[in-house]
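One structure is given below, encoded as structure tokens.
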Amino acid sequence: MNVHRLLLPLAFSALSLCAFAKAKQQANLTLFVGTYTQNSLSKGIYVYNFNQETGAFKLRSTAQAGNPSFVAVSPNGKRLYAVSEFNDGKQGAYSFDYDAKTGKLTNPIFASTKAGDQQNDPKNLPGSDPCNLFTDGQCLITANYSGGDISVFKLDKQGRLQQTAQQTRFQGRDAESVSHIHCGIRTPDGKHFLVTDLGNDRIYRFDLNPQATAVLTQHAVVYEAKRGEGPRHITFGKDEKHLYLINELGGTCVVLRYNNGKLIEEQQLMADEGGGKGSADIHVSPDGKFLYTSHRLKKDGIAIFSINPSTGLLTKVGYQETGIHPRNFAITPNGKYLLVACRDDNTIQIFKRNARTGLLTDTGKCINIGKPVCLVLRKY
């Protein structure tokens, strides 16, 4: 009896320690940060631990790369991809092997985004300034802003980068327009790939077949914004029926209904409160109840919208001012924190998020880093 009384507290203690360790493991995320290295103290890509329960963070590793402004993680989490945002012949993309145990990025492979393009357009240098990328584990697609084109790379069986397999260029819609491709995402049904063209005020649709020789085919214009609006980034809502667009120059947020490759505009409202013509990023909260957009150049901040669960339409509920030049931002999977890459403040600002109201509160915590641009959170 005395032995049982002695062992029982020890058993409870062991169970408590196991539960604590499991909770700590679930709270830990990996934060990948893409940056600008030109005129910056940044060395390249940074990897942090981020605790989504407490907001605590710790640097794990750094990988050298040139202007790796935008990054993406493979579906299996073993590869990290980054653009090399240049327009002087060094433009391209990287793949890295990622070890979740050590937090290190190794085996960098570089491929040019300008390869395979035979056209000579003085307004657009092939593959220049890749600023966004998408991967499904079979291919990597970059949106090249100054090139006005898209580069498609095949990946080997390990997910490592190979040379450019396909390149699609876009001309200006008239003599005064120049194509500026800014973003590309896959549709929820997996059939199509949508691409924003800031210069032509359009969204294009491609048929998507990652296993084919030509990954992207049958492109068509599926949405035309008002001239000068500048479609920049897009994201789907949790219902997978609504596509949300942020226009960089017009500062407006547009709600589009998606149906079998077609887009129908249902709502447009002003998001940018400063009129800076520098709207940047757009994300839906993990619970699907709120939409956030970032805005730069004047009254830098994050606009906050509630999403009607029945219609997908938006209602503006707030605006949170941030540090200087907020670019990309990311929301933790549990919805407790929103992290903002404030490029010209050289910080990643950490906000607490109210799940009921969607509003943000500055925690006063920030990660000091040279010219942060893109943030990707991943659970391992």
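Under mature numbering (1 follows the signal peptide of the UniProt record, and there is no 0), the letters of the sequence shown match residues -21 to -1, 1 to 359, in that order.
No residue lacks a Cβ here, since even glycine has one placed at the ideal position from N, Cα and C.
Bear in mind that the values here come from a model prediction, so they are computed numbers and not experimental data.
Judged by DSSP in its simplified three-state form, residue 206 adopts coil rather than helix or strand. In the DSSP assignment, residue 122 forms a beta bridge with 111 and 129. Note that the C-beta distance between residue 353 and residue 12 is below 9 Å. With a 10 Å radius around the Cβ and a threshold of 16 neighbouring Cβ atoms, residue 54 comes out exposed.
Inside the segment 268 to 335, DSSP marks whole beta strand (DSSP E) runs of 3 or more residues at positions 269 to 274, 280 to 286, 293 to 300, 305 to 310, 316 to 321 and 326 to 332, from first to last along the chain.
Taking the Cα positions, residue 90 is about 45 Å away from residue 289.
A straight line joining the alpha-carbon of residue 178 with that of residue 123 spans about 12 Å. Per DSSP, the continuous beta strand (DSSP E) segment holding residue 357 begins and ends at 351 to 357.
When the beta-carbon positions are compared, residue 319 and residue 305 come within less than 9 Å of each other. Looking at the backbone, the Cα of residue 118 and that of residue 133 are separated by about 5 Å. Taking 9 Å as the cut-off, the Cβ atoms of residue 41 and residue 26 count as close. In terms of CA proximity to residue 73, 84 leads the group 268, 79 and 84. In terms of CA proximity to residue 167, 220 leads the group 204, 220 and 131. Ranked by Cα distance from residue 36, the first of 69, 359, 344 and 351 is 344. Cβ-Cβ distances below 6 Å link residue 323 to 303 and 304 in the same chain, with the five nearest sequence neighbours on each side left out; the list follows chain order. Residue environment analysis places residue 197 among the exposed positions, since fewer than 16 neighbouring C-beta atoms fall within 10 angstroms of its C-beta.
In the DSSP assignment, residue 158 falls outside any beta strand (DSSP E), carrying neither H nor E. Under DSSP, no beta-bridge partner is assigned to residue 22. If you check the CB distance, residue 126 and residue 151 do not come in under 9 Å. Less than 9 Å divides the Cβ of residue 281 from the Cβ of residue 272.
Within the DSSP secondary-structure output, residue 226 pairs in a beta bridge with 210. At least 9 Å separates the beta-carbon of residue 135 from that of residue 147.
For residue 83, the beta-bridge partners assigned by DSSP are 78. Going by DSSP, residue 48 is part of no beta strand (DSSP E) at all; its letter is neither H nor E. Short of 6 Å from the beta carbon of residue 235, and not among the five residues preceding or following it, lie these beta carbons of its own chain, in chain order: 222, 242 and 244. DSSP, read as helix, strand or coil, puts residue 6 in helix.
Between residue 308 and residue 251, the C-beta spacing is not below 9 Å.
When secondary structure is reduced to three states using DSSP, residue 57 falls in the coil class, being assigned neither helix nor strand.
Excluding sequence positions up to five before and after residue 44, its CB lies within less than 8 Å of the CB of 16, 23, 24, 61, 63, 73 and 87, all in the same chain and listed in chain order. Relative to residue 336, the option among 284, 28 and 326 whose CA is nearest is 284. Within its own chain, the residues whose Cβ lies closer than 6 Å to the Cβ of residue 38, once the five positions on either side in sequence are excluded, are 27, listed in chain order.
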